[in-house]
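Participant:
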Amino acid sequence: MLLGRPWGRCHPGRCALFLGVALVLDAVGLVLLLLGIFASLDFWDFLVYTGSLILAFSLLFWIIWYSLNIEVPLEKLDL
37 MLLGRPWGRC HPGRCALFLG VALVLDAVGL VLLLLGIFAS LDFWDFLVYT GSLILAFSLL
97 FWIIWYSLNI EVPLEKLDL
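Here the sequence shown is numbered in the working numbering, starting from 37 and rising by one per residue.
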């Protein structure tokens with residue numbers, strides 16, 4: 037057990053949409069980046085730069101997903 041939760045249970049959290057968008061952007065960005073690096077194309081630089089920008093943009097969705105899944109008990113909020 038890890039922190040009182042059983043192993044083997046995967047829970048994407050409350051914001052599964054942001055998680056899905058982040059994973060799709062990671063996959064697309066990685067494919068474009070690797071295609072630009074390893075394929076012998078004339079427009080390789082476009083693929084490298086576009087893949088890198090998409091990977092950087094996916095970090096925004098990872099931060100949103102993580103931030104919206106933080107759980108703080110009401111007793112600790114001092115409202």
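Cβ atoms here follow ideal geometry from the backbone N, Cα and C, with glycine treated the same way.
Determine whether the beta carbon atoms of Gly72 and Val84 lie at a separation below 7 Å.
Facilitator: One-based indexing of the sequence shown puts residue 72 at position 36. One-based indexing of the sequence shown puts residue 84 at position 48. Cβ atoms of Gly72 and Val84: closer than 7 Å.
Participant: Closer than 8 Å is the cut-off here; do at least three beta carbon pairs connect the stretch 81-95 with the stretch 61-70?
Facilitator: Cβ pair count under 8 Å is three or more, so yes.
Participant: Do you know offhand how far Leu53's Cα is from His47's?
Facilitator: For the purposes of this step, residue 53 is identified with residue 17 of the sequence shown, where counting begins at 1. For the purposes of this step, residue 47 is identified with residue 11 of the sequence shown, where counting begins at 1. Looking at the two C-alpha atoms, the distance is approximately 13 Å.
Participant: How would you label Phe97, buried or exposed, when you count the other beta carbons within 10 angstroms and need 16 or more for buried?
Facilitator: The residue labelled residue 97 in the question sits at position 61 within the sequence shown. Label assigned to Phe97: buried.
Participant: Just to confirm the assignment, what range does the alpha helix (DSSP H) spanning Val67 have?
Facilitator: In the sequence shown, counting from the first residue as 1, residue 67 sits at position 31. Element bounds for Val67: 52-74.
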